[in-house]
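Those protein sequences? They're chains A and B, same order as listed.
Numbering-wise, the working numbering comes out as the position in the first sequence, counting from 1, plus 931.
Numbering-wise, the working numbering comes out as the position in the second sequence, counting from 1, plus 927.
Accompanying notes for the structure given below.
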Amino acid sequence: DVKVTQSSRYLVKRTGEKVFLECVQDMDHENMFWYRQDPGLGLRLIYFSYDVKMKEKGDIPEGYSVSREKKERFSLILESASTNQTSMYLCASRVTGEDYGYTFGSGTRLTVV
Amino acid sequence: GNSVTQMEGPVTLSEEAFLTINCTYTATGYPSLFWYVQYPGEGLQLLLKATKADDKGSNKGFEATYRKETTSFHLEKGSVQVSDSAVYFCALRLFDQAGTALIFGKGTTLSVSS
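Encoded structure:
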């Protein structure tokens, strides 16, 4: 089975800190995604990447950046954390051309205080 | 634009009841459709999918049929169990191309009591 591993399940950070959320997948998938999940809003796409060093903005990229230096790792960066970035963050990966859907990590619940 | 609309929850049922969670979509072209499930404290898992009109996806007793004429992909199960309590997300994908992201509905919480 494909595994998508997010480095932390729970994270508490202070306002203004730079925060790194890490995601690693073990099946050579080209495509990786970062979503945030909020009650009543569902999942919203922050950024995605379809190749090493390639990145595209999703629906809500403001306040975030990403890094993909290696195929298996996709990092989400909060440049200066704010309380409105308190959320559940979900990473996913997928192989182009195979209709197996997306594989999700278990999520990181980030609280910014 | 492209979007997915799900019925609002929470849906509360007794064990062995029949479940329907409605999902309709708006999309340019012919999307692939998915249902994902999120159990408490976990990430999302693919429950079932359908890639073209009239396809029926099924898994673990759940079913959904891709209806192009009504732009719908309703999730059904004949007899729910307490272990089905979770949040269910309907989603679409427009193209099978690199980087194409899923577009999700807002999710429907199902609570099943014994």
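Yeah, the Cβ is synthetic: ideal placement off N, Cα and C, and Gly gets one too.
For residue j and residue i, the rounded distance between their alpha carbons
{"i": "D942/B", "j": "D1011/B", "result": "Just to set this straight, residue 942/B is Glu in the shown sequence, not Asp. Cα to Cα, the separation comes out at about 9 Å."}
{"i": "V938/B", "j": "K1001/A", "result": "42 Å"}
{"i": "K934/A", "j": "V964/B", "result": "17 Å"}
{"i": "K949/A", "j": "L1009/A", "result": "6 Å"}
{"i": "T951/B", "j": "Y993/B", "result": "10 Å"}
{"i": "R1040/A", "j": "F989/B", "result": "29 Å"}
{"i": "E961/A", "j": "S1006/A", "result": "14 Å"}
{"i": "K987/B", "j": "G1032/A", "result": "17 Å"}
{"i": "P992/A", "j": "R967/A", "result": "11 Å"}
{"i": "S1038/B", "j": "K984/A", "result": "42 Å"}
{"i": "Y978/A", "j": "Y1020/A", "result": "12 Å"}
{"i": "T955/B", "j": "T1014/A", "result": "36 Å"}
{"i": "S930/B", "j": "A1028/B", "result": "12 Å"}
{"i": "P958/B", "j": "S938/A", "result": "32 Å"}
{"i": "S1011/A", "j": "S1041/B", "result": "46 Å"}
{"i": "P967/B", "j": "D982/A", "result": "32 Å"}
{"i": "K995/B", "j": "A944/B", "result": "28 Å"}
{"i": "H1001/B", "j": "G947/A", "result": "43 Å"}
{"i": "C954/A", "j": "R1004/A", "result": "6 Å"}
Residue i classed as buried or exposed, judged by whether at least 16 other C-beta atoms fall within 10 angstroms
{"i": "R945/A", "result": "exposed"}
{"i": "M963/A", "result": "buried"}
{"i": "Q1008/B", "result": "exposed"}
{"i": "R940/A", "result": "exposed"}
{"i": "F1031/B", "result": "buried"}
{"i": "L972/A", "result": "exposed"}
{"i": "T997/B", "result": "exposed"}
{"i": "A980/B", "result": "exposed"}
{"i": "T947/B", "result": "exposed"}
{"i": "T1034/A", "result": "buried"}
{"i": "V1043/A", "result": "buried"}
Rounded distance between the beta-carbons of residue j and residue i, thought under 8 Å
{"i": "W965/A", "j": "V997/A", "result": "7 Å"}
{"i": "Q933/B", "j": "G1005/B", "result": "Between G1005/B and Q933/B the Cβ distance is about 20 Å, and since that is not below 8 Å, they are no contact."}
{"i": "R892/A", "j": "K986/A", "result": "Because chain A spans 932 through 1044 in this model, residue 892/A falls outside it and cannot be assessed."}
{"i": "G970/B", "j": "G989/A", "result": "Not a contact, Cβ separation roughly 18 Å."}
Any C-beta of chain D under 7 Å from that of residue i
{"i": "A1028/B", "result": "Reference to chain D is not applicable here, since the protein chains of this structure are A and B."}
Residue ranges of each alpha helix (DSSP H) within the stretch 952-1005 of chain A, 4 or longer:
none
Near-chain B residues of the stretch 1030-1043 of chain A - C-beta to any C-beta below 7 Å:
D1030, G1032, Y1033, F1035, G1036, S1037, G1038
What residues in the stretch 963-979 of chain A have a beta carbon less than 7 Å from any beta carbon of chain B?
F964, G971, L972, G973, L974, L976, F979
Listed from N- to C-terminal order along the chain, which residues in the stretch 991-1009 of chain B have their beta-carbon within a distance smaller than 8 Å of any beta-carbon of chain A?
none
Report the residues of the stretch 958-970 of chain B with a CB closer than 7 Å to any CB of chain A, ordered along the chain.
S959, F961, E969, G970
Tell me which residues of the stretch 1001-1022 of chain A have at least one Cβ-Cβ distance to chain B shorter than 8 Å, keeping chain order.
L1021
Any chance you could list the beta strand (DSSP E) runs of at least 3 consecutive residues sitting entirely within the stretch 959-1031 of chain B, in chain order?
959-965, 971-977, 983-986, 989-992, 1002-1004, 1013-1020
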